[in-house]
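Participant:
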Ligand SMILES: Cc1cc2nc3c(=O)[nH]c(=O)nc-3n(C[C@H](O)[C@H](O)[C@H](O)COP(=O)(O)OP(=O)(O)OC[C@H]3O[C@@H](n4cnc5c(N)ncnc54)[C@H](O)[C@@H]3O)c2cc1C
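Numbering (the numbering used here), first residue to last: 110 to 553.
(1) Closest to residue 290 by CA distance: which of 267, 446, 401 and 274 is it?
(2) Under 9 Å between the Cβ atoms of residue 243 and residue 401?
(3) Is residue 235 helix, strand or coil when you go by DSSP?
(4) Starting from residue 248, trace the beta strand (DSSP E) both ways and give me its first and last residue.
(5) Taking C-alpha atoms, which residue in 255, 367 and 184 lies nearest to residue 143?
(6) Check each candidate in 477, 490 and 430 and name the one with the smallest Cα separation from residue 448.
(7) Contact between the segment 287-305 and the segment 326-346: three or more CB pairs below 8 Å?
(8) Out of 370, 308, 431 and 250, which has the shortest C-alpha to C-alpha gap to residue 355?
(9) Check whether the segment 311-323 touches the segment 248-262, counting contact only when three or more Cβ pairs, one atom from each stretch, lie closer than 8 Å.
(10) Between the segment 227-237 and the segment 166-174, do three or more beta carbon pairs fall short of 8 Å?
(11) Tell me, which residues are paired with residue 163 by DSSP?
(12) Output the boundary residues of the alpha helix (DSSP H) element that contains residue 467.
(13) Between which residues of its own chain and residue 134 is the CB-CB distance below 7 Å, once the five residues before and five after are set aside?
(14) May I ask you to verify whether the segment 511-529 touches the segment 433-452, counting CB pairs closer than 8 Å and requiring at least 3?
(15) Counting along the chain, where does the beta strand (DSSP E) carrying residue 329 start and finish?
(16) Report the rounded CA-to-CA distance for residue 325 versus residue 352, giving the unit in angstroms.
(17) Sorry if obvious, but does the Cβ on residue 470 come closer than 8 Å to a heavy atom of ligand 1?
(18) Using beta-carbon positions only, say whether residue 412 and residue 483 come within less than 9 Å of one another.
(19) Closer than 8 Å to a non-hydrogen atom of ligand 1 - does that hold for the CB of residue 242?
(20) What is the residue span of the alpha helix (DSSP H) that residue 213 lies within?
(21) In the DSSP assignment, find the unbroken beta strand (DSSP E) run with residue 439 in it and report its ends.
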């Protein structure tokens, strides 16, 4: 369960693991750092023999306690090789700990790319797919949808291979399994030929964005916007495939925009807002509302950017037709409750998929993400927003803060029982359970 806002600087006792957001920590009994499949299976077998629970951890970029454990923590940062690139089938097989940034570099070298990505490249591929990480694009699904085969270490330490043809029920569940389906040792991803994106970033009135949302979403390969609380402005980003050469933004300009403006200057504004919350509405008006930025770059360089300002986040998936209603209710709630919010609200879209625990399962979806700067209280904001989203058939992102339980989540996922049946097959003893899976999936 999401706790109170973490203090800004808290010294961690030795042996504690902390996530990127600084709002979750755990003290594993043991840490295992496998570099081979043999070491990985041995770690799970030893835990099974000793009656310990086990949890893989990727890059720790989830805001929930999804990656926490009191038992054996399996760190996969040294289990990160590119195993094979099949140029003909455009498929790549990787060890599960590889980061999205390293994967993207390797693919670029082979003339391939992931069709879509989220907004950072720091996550491990297995952490990203396990929580339903997604980017934006009305015709594009989340990252788990790119998985065409996988290999996982089950509760007794045995290795299971799964794909649409082999063990299809396990495949369906383990593509997005919250770490509860075992430890993925490798995944094979379906890629596309490398491509470049032309990015166009400009401010628009948020009411105009909402009035024209269908054209904006359907008329661009990837469209998203950030509504700036306490203002009527939204910063829009439209990314489209192009044959134009890379250009339009020098390295110095890229550093100025991505590092200085979006991180250093924004971080300073957040710090001032944390000290003087009532200044936040005035500070928000400093967000530029004129000018258009245009540039062309390799796809992954456009999708992802550095994130240095730490925060806590909640994100909900909703049927896309509820986008404007949900955002307008959120705007009203922030105003009525007198909340001071320095972080923009991010809105994205995705295509439906057929993965049992996917937040986009079976429906055209929009995603609304709300953030609070690290060290600022978020409970009232997140609970109020969750009530709005839940009333509109919302499904929370598995890696971002929410207050739901298995009882409230099960009715939102038509294939809930299929997931649970597959989970019982690979982990009958609850070896991969933790407090989070107990809460959101229920005990095994
Ligand atoms: C700055 C920032 C930006 C983000 N941007 C986006 C975004 O654009 N879109 C989006 O959807 N999300 C986004 N997220 C959320 C993030 O993508 C997810 O939380 C993701 O799970 C993080 O990956 P990780 O490697 O850090 O996983 P962790 O947080 O370390 O682990 C997540 C889960 O994956 C499991 N896991 C890890 N490795 C394995 C394995 N080998 N086998 C089985 N289970 C495993 C863990 O046990 C845990 O249950 C963002 C988060 C941050 C902090």
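All residues carry an ideal CB built from backbone N, CA and C; glycine is no exception. No experiment lies behind these values; they were computed from the predicted model shown.
Facilitator: Answer, in terms of the structure:
(1) Residue nearest to residue 290 within the set 267, 446, 401 and 274 is 267 (criterion: CA-CA distance).
(2) No.
(3) In this structure, DSSP gives residue 235 a helical state, which the three-state scheme calls helix.
(4) Taken as a continuous stretch (DSSP letters only), residue 248 belongs to no beta strand (DSSP E), as it is neither H nor E.
(5) When only C-alpha atoms are compared, the closest one is 184.
(6) Selected option, being the one with the closest Cα: 490.
(7) Three or more Cβ pairs closer than 8 Å define a contact, and the segment 287-305 falls short of that threshold against the segment 326-346.
(8) Closest option to residue 355, Cα to Cα, is 308.
(9) No, they do not touch.
(10) Yes: at least three Cβ pairs fall under 8 Å.
(11) Its beta-bridge partners are 181.
(12) Looking at the DSSP string, residue 467 is not in any alpha helix (DSSP H), and its letter there is neither H nor E.
(13) Non-local beta-carbon contacts of residue 134 in its own chain, meaning distances under 7 Å to residues more than five positions away in sequence, involve 121, 125, 126 and 127 in chain order.
(14) No: fewer than three Cβ pairs fall under 8 Å.
(15) Premise fails: residue 329 is in no beta strand (DSSP E) and is neither H nor E.
(16) Straight across, the Cα-Cα distance linking residue 325 with residue 352 is about 21 Å.
(17) No; taking the cut-off as 8 Å, the Cβ of residue 470 has no heavy atom of ligand 1 nearer than that.
(18) No.
(19) For ligand 1, a non-hydrogen atom lies closer than 8 Å to the CB of residue 242.
(20) From DSSP, the alpha helix (DSSP H) with residue 213 extends over 209-218.
(21) Premise fails: residue 439 lies in the alpha helix (DSSP H), 432-446, not in any beta strand (DSSP E).
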